[in-house]
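Position one of the sequence shown corresponds to residue 1230 (our numbering), numbered consecutively onward. Single-structure report; data block below.
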Amino acid sequence: MIGKRLAACLLTGMLFFGTGADVMARHAAEERGEQRRMERAERLERERIALEEERAAARRIEERAEKERAEREALEIERAKEEARAAEEREKARREAEAKEAEEQRLAKERAAEEKQRQEELAAREAEARRIERERAEAEARIMAESERAAEIKASETNREGSGTGILEKYLNRKKESASTDVEGKKKQEAKPVTYLSKQEMELTPLKTDTLDVGGTLLFSDSPEYVTQPGILYSDVIQGDARVLYYHVNQIPTACKVAVVLENTSDRYAVIHITRGGCSAPDRDYLKVGRETQRQYFFEKQSQNAIYLDGYQSRVMLESMDKTLVLNEQLVYGVYDFSSTGPVRVTVILYPSSADPLEFVKSAPVLPKDEHRLRGTFTGMDRLLKAHGRYNPGDGEVYITIGNEVDDKFKQGIDATDGSLVENTGNYGVMYHLEVPMKGRKKVQLWANPLGGFYTGAVHVSTEEPAGVWTCMVPKDAPFFGDADAPITLPNKDGSLLLPKGTEMFSLGTFKGETLHVEFTPPGASNLPVRFILSEP
1230 MIGKRLAACL LTGMLFFGTG ADVMARHAAE ERGEQRRMER AERLERERIA LEEERAAARR
1290 IEERAEKERA EREALEIERA KEEARAAEER EKARREAEAK EAEEQRLAKE RAAEEKQRQE
1350 ELAAREAEAR RIERERAEAE ARIMAESERA AEIKASETNR EGSGTGILEK YLNRKKESAS
1410 TDVEGKKKQE AKPVTYLSKQ EMELTPLKTD TLDVGGTLLF SDSPEYVTQP GILYSDVIQG
1470 DARVLYYHVN QIPTACKVAV VLENTSDRYA VIHITRGGCS APDRDYLKVG RETQRQYFFE
1530 KQSQNAIYLD GYQSRVMLES MDKTLVLNEQ LVYGVYDFSS TGPVRVTVIL YPSSADPLEF
1590 VKSAPVLPKD EHRLRGTFTG MDRLLKAHGR YNPGDGEVYI TIGNEVDDKF KQGIDATDGS
1650 LVENTGNYGV MYHLEVPMKG RKKVQLWANP LGGFYTGAVH VSTEEPAGVW TCMVPKDAPF
1710 FGDADAPITL PNKDGSLLLP KGTEMFSLGT FKGETLHVEF TPPGASNLPV RFILSEP
């Protein structure tokens, strides 16, 4: 029994100890497995962390690359913009160079044309001088022949009668009397104005014409005519062909200046070409000022051909304007034709002699108009008058009246300083072009007949023949005319009238050609209307 218990205990102990070893072995195996799992998990975690770090590094690299790419693109865009601006600047410079070259070529052509015209005029004057010299030589030859013949006759008469006055002596006496008369006439002419009175009646019929206003813009500044304070007299913006006329009297006690300021109103450069103009020195003799301005306008060429203005730049039209003083009660009168390639503000100012005109115009007030309201902007600065049919001088005298509102309508315009409607009473600044076709190429005599009183100015007359081209002061031998107390006859209902003997009129000359062209503009300080008469010589 005891043996069985011992055996059972031994067996139980063996089973117990054997099972414990297995358990321990399993535990050890489990611990090793767990350790391997932990090591593997740690390795995997390290690998994961490393991978994430690699990915983060890759993302940082990509972000840096993207940033660098964006910066490169921005630099490329900026470079492209710079290249575009540079190309635009180069193109602008090229266009300006081409425009300047074209302008230089145009000026060279104008100079060549002027030189050619000068040479032609010189040749014409030389031909005229040769003709006069030839006529003088022929006259001297005739006089010599007459003298010789007179001497022969005198010798013959002396031989027959022994005494008497021969032809040569009578001729010499007539020459002395003529010289004496010329000297006296010259003295009388210098003493007072010459009057031109017709010696016979003239039956006149109106010259029927078609009227058309053409050309650019007329800027007229004559109000206030008597200026009592500095300021802007007139201002407006023009582009293309234009004419500016200013006529003002300084009634400020101190000396002032009058100038035309040109301001480019755009960011593009503009070129202004002055093609024609005249301005007398200021004077208290208004007729003298009017006559001299017209003489310059019709006779003289401009020395300053072009003015270049950058964007928004301003300049005085002529440097002489800022150097000319206008004293108290003196009149200044100027008229200039010009053209502009861009919009330009034209401003007429009267300013203190010590002021800078370009600074003065920036803040100067616009002076109010006087009661005559003679200022404004008018379209169509030239008026074409073409006669109906062909004129035959043998058919009788004809006439045309300028500046009377009945036969010659006054232009309507706008005062740009206040937007009001205005009228150019007298059409001052308008250039008239009278065209009269002639019949049979007969000679025609052209007369000027003032109707409103004192008158002086200039007229340009031409035909197709060179000998018939000339510019004439009206009148030629006196400072003015129109002061004679001569009878005036008003036209009948049909326009015809009888011009009485003793009417004051001035001959502009005798002309021949297919068409007679008369160029005329109402002179400042003179009275209107004026009548032009065509007749048989």
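Cβ atoms here follow ideal geometry from the backbone N, Cα and C, with glycine treated the same way.
Of all the options P1758, E1325, D1712, P1708, which has the alpha carbon lying nearest to the alpha carbon of K1517? On the sequence shown, residue 1517 is found 288 positions in, with the first residue counted as 1. Selected option, being the one with the closest Cα: P1708.
Can you say whether G1753 is buried or exposed, counting buried as having 16 or more other CB atoms within 10 angstroms of its CB? The residue labelled residue 1753 in the question sits at position 524 within the sequence shown. Under a 10 Å Cβ-count criterion, G1753 is classified as buried, with 16 or more other Cβ atoms of the shown protein chains found around its own Cβ.
Work out the CA separation of G1738 and K1638 for me, nearest whole Å. Sequence index remark: in the sequence shown, residue 1638 carries index 409 (1-based). Sequence index remark: in the sequence shown, residue 1738 carries index 509 (1-based). Going from the Cα of K1638 to the Cα of G1738 covers about 28 Å.
Could you pull the DSSP bridge partners for M1660 from this structure? In the sequence shown, the residue the question calls residue 1660 occupies position 431. M1660 is bridged to D1611.
Can you tell me which residues form a DSSP beta bridge with V1688? Working through the sequence shown from its first residue, we reach residue 1688 at position 459. Paired residue(s): C1701.
Keeping to the same chain, check which residues put their C-beta closer than 8 Å to that of M1660; ignore five residues upstream and five downstream. The residue given as residue 1660 occupies position 431 in the sequence shown. Excluding sequence neighbours, M1660 sits near G1444, R1472, M1610, D1611, R1612, E1748, F1749, T1750.
Indicate whether G1540 and R1497 have their beta-carbon atoms separated by less than 9 Å. On the sequence shown, residue 1540 is found 311 positions in, with the first residue counted as 1. On the sequence shown, residue 1497 is found 268 positions in, with the first residue counted as 1. Cβ distance < 9 Å, so G1540 and R1497 count as in contact.
Please check the pair V1759 and G1632, which I expect to be a contact at CB under 8 Å, by giving their CB distance rounded to whole angstroms. One-based indexing of the sequence shown puts residue 1759 at position 530. One-based indexing of the sequence shown puts residue 1632 at position 403. Confirmed, about 6 Å.
If you measure between the beta carbons of L1614 and D1465, is that distance less than 9 Å? Position 385 of the sequence shown, counted from the start, is the residue given in the question as residue 1614. Position 236 of the sequence shown, counted from the start, is the residue given in the question as residue 1465. Taking 9 Å as the Cβ cut-off, L1614 and D1465 do not qualify as a contacting pair.
For the beta strand (DSSP E) that contains S1736, what are its first and last residues? As a working note, residue 1736 is residue 507 in the sequence shown. 1735 to 1740 is the extent of the beta strand (DSSP E) around S1736.
Unbroken stretches of the beta strand (DSSP E), 3 residues or longer, contained in the segment 1540 to 1603: Correct list: 1543 to 1545, 1560 to 1581.
Pull up the CB-CB distance for R1574 and T1494, whole angstroms please, since I reckon it's below 8 Å. The residue you call residue 1574 lines up with position 345 of the sequence shown. The residue you call residue 1494 lines up with position 265 of the sequence shown. About 5 Å; that satisfies the 8 Å criterion.
Below 8 Å on the Cβ atoms is my guess for A1484 versus S1549; work out the distance and round it to an integer in Å. Translated into the one-based positions of the sequence shown, residue 1484 becomes position 255. Translated into the one-based positions of the sequence shown, residue 1549 becomes position 320. About 16 Å separates the two Cβ atoms, so there is no contact after all.
Which residues mark the beginning and the end of the alpha helix (DSSP H) in which F1528 is found? Translated into positions along the sequence shown, residue 1528 becomes position 299. 1515 to 1528 is the span of the alpha helix (DSSP H), which, as asked, contains F1528.
Is the segment 1582 to 1595 touching the segment 1496 to 1511 in the sense that three or more CB pairs, one from each, lie closer than 8 Å? no
Let me know the secondary structure DSSP gives P1622 once reduced to three states. What you label residue 1622 is simply residue 393 of the sequence shown in a count that begins at 1. Of the three classes helix, strand and coil, the one that applies to P1622 here is helix, per DSSP.
Using only the alpha-carbon positions, how far apart do A1713 and V1703 sit? Counting from 1 along the sequence shown, the entry for residue 1713 is found at position 484. Counting from 1 along the sequence shown, the entry for residue 1703 is found at position 474. Going by the C-alpha atoms only, they are around 15 Å apart.
Residues that DSSP places opposite M1431 in a beta bridge: Here residue 1431 corresponds to residue number 202 of the sequence shown, with the count starting at 1. The secondary-structure analysis by DSSP pairs M1431 across a beta bridge with L1728.
In this structure, how does DSSP classify A1713 when only helix, strand and coil are distinguished? Residue mapping note: residue 1713 aligns to position 484 of the sequence shown, counting from 1. Coil.
V1478 and V1577 - do their beta-carbons sit closer together than 9 Å? What you label residue 1577 is simply residue 348 of the sequence shown in a count that begins at 1. What you label residue 1478 is simply residue 249 of the sequence shown in a count that begins at 1. No, these two residues do not count as a Cβ contact at 9 Å.
With Y1425 as the anchor, note down where its beta strand (DSSP E) starts and where it stops. Numbered from 1 along the sequence shown, position 196 holds the residue referred to as residue 1425. Y1425: not part of any beta strand (DSSP E); DSSP gives it neither H nor E.
Y1620 and K1668 look like a contact to me (Cβ under 8 Å); what is the Cβ gap, rounded to whole Å? Taking the first residue of the sequence shown as position 1, residue 1620 is located at position 391. Taking the first residue of the sequence shown as position 1, residue 1668 is located at position 439. Correct: roughly 6 Å between the Cβ atoms.
Nearest by alpha-carbon distance to P1459: which of E1529, K1345, L1596 is it? The residue given as residue 1459 occupies position 230 in the sequence shown. When only C-alpha atoms are compared, the closest one is L1596.
For A1510 and A1315, what's the separation of their Cα atoms in angstroms? Along the sequence shown, read from residue 1 onward, the residue named residue 1510 stands at position 281. Along the sequence shown, read from residue 1 onward, the residue named residue 1315 stands at position 86. Using only the alpha carbons, I get a separation of about 50 Å.
Name the DSSP beta bridge partners of S1495, please? Along the sequence shown, read from residue 1 onward, the residue named residue 1495 stands at position 266. According to DSSP, which records beta bridges pairwise, S1495 is partnered with nothing at all.
Own chain partners of L1235 with C-beta closer than 8 Å, once the 5 adjacent residues on each side are dropped: Mapped onto the sequence shown, residue 1235 falls at position 6. Residues of the same chain with their beta carbon placed closer than 8 Å to that of L1235 are lacking, with the five preceding and five following residues left out of the count.
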